[in-house]
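From first to last, the protein sequence lines stand for chains A and B. The numbering used here numbers the first residue of the first sequence as 1 and each following residue consecutively. The numbering used here numbers the first residue of the second sequence as 1 and each following residue consecutively. The beta carbon of each residue, even a glycine, is placed where N, CA and C say it ideally should be.
Number of protein chains: 2
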Amino acid sequence: MSDFIQLVKERRSAMNFLPNQPIHPEELNEMFELVKLAPSAFNLQHTNYIAVTDPTTKDQLKEAAYGQYKVSSASAVILVLGDKKAYEQAAEIYSGLQLLGILNKQEYDFMVNDTVTFYESRGSEFQREEAIRNASLSAMLFMLIAKEKGWDTCPMIGFDPEKVKQILNIDDQHEVVMMMTIGKEKISSRQPRGYRKPVSEFVQFI
Amino acid sequence: MSDFIQLVKERRSAMNFLPNQPIHPEELNEMFELVKLAPSAFNLQHTNYIAVTDPTTKDQLKEAAYGQYKVSSASAVILVLGDKKAYEQAAEIYSGLQLLGILNKQEYDFMVNDTVTFYESRGSEFQREEAIRNASLSAMLFMLIAKEKGWDTCPMIGFDPEKVKQILNIDDQHEVVMMMTIGKEKISSRQPRGYRKPVSEFVQFI
């Protein structure tokens, strides 16, 4: 399966995009059909996405991202949100396992209770971290899937989260975990890949 | 490149592993050689890994994971750490760009200062979140790479982070973002893939 390795090597954070490269919602939908296979803690699927192609909203998001040009030239701007209260959906998400007969009523009740108790006992800071952790797992998968479908991405953290929440009417239950621009990379603006530390500097074996 | 899509579909969180399936550090090294291509904010490479195959340490980690059996049967237990002070390495990480002539001295100084100021001004909570966010991006890539190399993984959050820090002598600069077990999945224990929400429930188009 060498194609996967090639994909990993070819995926780069795009520093700039070719303008006027519209992306069709249907194409994004196809990507999200695969993104949903990302793992999440307790299968709670904490991640939500807002995909913005509307020019006016994109302009507002550019401003919230301190005027970064790639927010304009990108075909879409995608906000990755994490749901801090994802565990409240445990009963609904696990109900299928009971319907399929994989869990009996007692096991189902135990599983729902176990999940909810875990999140409630660890408190709001942990719930926020879980939103960030799980949404980031999903976002990485999204970037690879986009590349596979012929699109380039750039994960971004340089934006004002409060402004983004205002622009997109995002409630306090959701954390704005990341902004991702997606488009066709302007290859002529490309720089060599940034330096990477050798494995021995970031991995320890015990 | 359909192999990638196949890989995404085949990757599952392994609920159990076949015992006595040793993994060689060289195999893990090969995986990390690809993991280093993961994106990170400002290319700061916040992620560190500890790969544990030592049986005694694995037993201790099992205890820190509330006795979960898969920690024993897995070939290795991998801790994913996030460095909260990764931005302090900006000068070192960007120095190559200056050496290569991609940045002049003034641009280099600006870039280093810009990164450090960004993290310092946003404070310690943000630094912690960045550790979680970037380490999670890396962890997702690791799980796909492991699958490509014929290994199964399970990302885990059910452990006592303080105990893990004690066992592995992890300092306060590093956040224990995730535990990942890796091994050969015991297919006979496999359950159907958990329910996934339809795209329309987690994606909004604007």
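According to DSSP, simplified to helix, strand and coil, what is residue i?
| i | result |
| --- | --- |
| M1/A | Legend: pLDDT at M1/A = 43, less than 50; position of this residue unreliable, value from coordinates given subsequently. The answer is coil: DSSP assigns M1/A none of H, G, I, E or B. |
| S208/A | No information on residue 208/A is available, as it lies outside the stretch 1 to 206 that chain A covers here. |
| S75/B | coil |
| L99/B | helix |
| D83/A | strand |
| F159/A | coil |
Assign residue i to one of two classes, buried (16 or more other C-beta atoms within 10 Å of its C-beta) or exposed (fewer than that).
| i | result |
| --- | --- |
| G82/B | buried |
| D54/A | exposed |
| E148/B | buried |
| P25/A | exposed |
| N134/A | buried |
| E175/A | buried |
| G183/A | buried |
| Q68/A | buried |
| K58/B | buried |
| E10/A | exposed |
| E185/B | buried |
| T217/B | Look at the range of chain B in this structure, 1 to 206, and you will see that residue 217/B is not part of it. |
| Q106/A | exposed |
| E92/B | exposed |
| S124/B | exposed |
| S200/A | exposed |
| L100/B | exposed |
| P155/B | buried |
| T56/B | exposed |
| D152/A | buried |
| Q60/B | buried |
| P39/A | buried |
| E120/A | exposed |
By the DSSP assignment, the alpha helix (DSSP H) with residue i in it spans what residues?
| i | result |
| --- | --- |
| S202/A | It is worth fixing the name first, because residue 202/A is Phe in this sequence and not Ser. V199 to F202 is the span of the alpha helix (DSSP H), which, as asked, contains F202/A. |
| L18/B | Premise fails: L18/B is in no alpha helix (DSSP H) and is neither H nor E. |
| K62/A | P55 to A64 |
| P25/A | P25 to V35 |
Check for me: the beta strand (DSSP E) holding residue i runs from which residue to which?
| i | result |
| --- | --- |
| N48/A | T47 to V52 |
| M178/B | H174 to G183 |
| D152/B | D152 to M156 |
In chain order, what residues of the region 38 to 55 of chain B put their CB closer than 9 Å to some CB of chain A? Taking 9 Å as the upper bound on Cβ-Cβ separation, chain A lies near residues A38, P39, S40, A41, F42, N43, Q45, T47, N48, Y49, I50, A51, V52, T53 and D54 of the region 38 to 55 of chain B.
Within the chosen definition, does the region 175 to 192 of chain B reach the region 14 to 30 of chain B through at least 3 CB pairs nearer than 8 Å? Contact between the region 175 to 192 of chain B and the region 14 to 30 of chain B is present: three or more C-beta pairs spanning the two stretches fall below 8 Å.
Taking any Cβ of chain B, which residues in the region 3 to 15 of chain A have a Cβ under 7 Å from it, in chain order? D3, F4, I5, L7, V8, K9 and S13: these are the residues of the region 3 to 15 of chain A whose beta carbon lies less than 7 Å from some beta carbon of chain B, given in chain order.
Quick check: the region 110 to 119 of chain A against the region 112 to 124 of chain B, are there 3 or more CB pairs under 8 Å? Not touching, per the Cβ criterion.
With three or more C-beta pairs closer than 8 Å as the rule, is the region 61 to 68 of chain A touching the region 158 to 168 of chain A? Yes, since at least three Cβ pairs between the region 158 to 168 of chain A and the region 61 to 68 of chain A fall closer than 8 Å, the two stretches touch.
Proximal residues, the region 84 to 95 of chain A versus chain B, C-beta separation under 7 Å: Under the 7 Å Cβ criterion, the region 84 to 95 of chain A contributes I93.
Chain-ordered residues of the region 21 to 33 of chain A with a beta carbon less than 8 Å from chain B: Taken in chain order, the members of the region 21 to 33 of chain A whose beta-carbon sits within less than 8 Å of a beta-carbon on chain B are P25, L28, N29, F32 and E33.
Pull out every residue of the region 163 to 187 of chain A whose Cβ sits closer than 8 Å to any Cβ of chain B, in chain order. Answer set for the region 163 to 187 of chain A: L168, V177 and M178.
Between the region 132 to 145 of chain B and chain A, which residues of the former have CB atoms less than 9 Å from a CB of the latter, in chain order? Near chain A, meaning a CB-to-CB distance below 9 Å, the residues of the region 132 to 145 of chain B are I132, R133, N134, A135, S136, L137, S138, A139, M140, L141, M143, L144 and I145.
Which of the residues in the region 111 to 122 of chain B, read from start to end, lie with their CB under 9 Å from any CB of chain A? Those residues of the region 111 to 122 of chain B that come within reach of chain A (Cβ to Cβ, closer than 9 Å) are F118.
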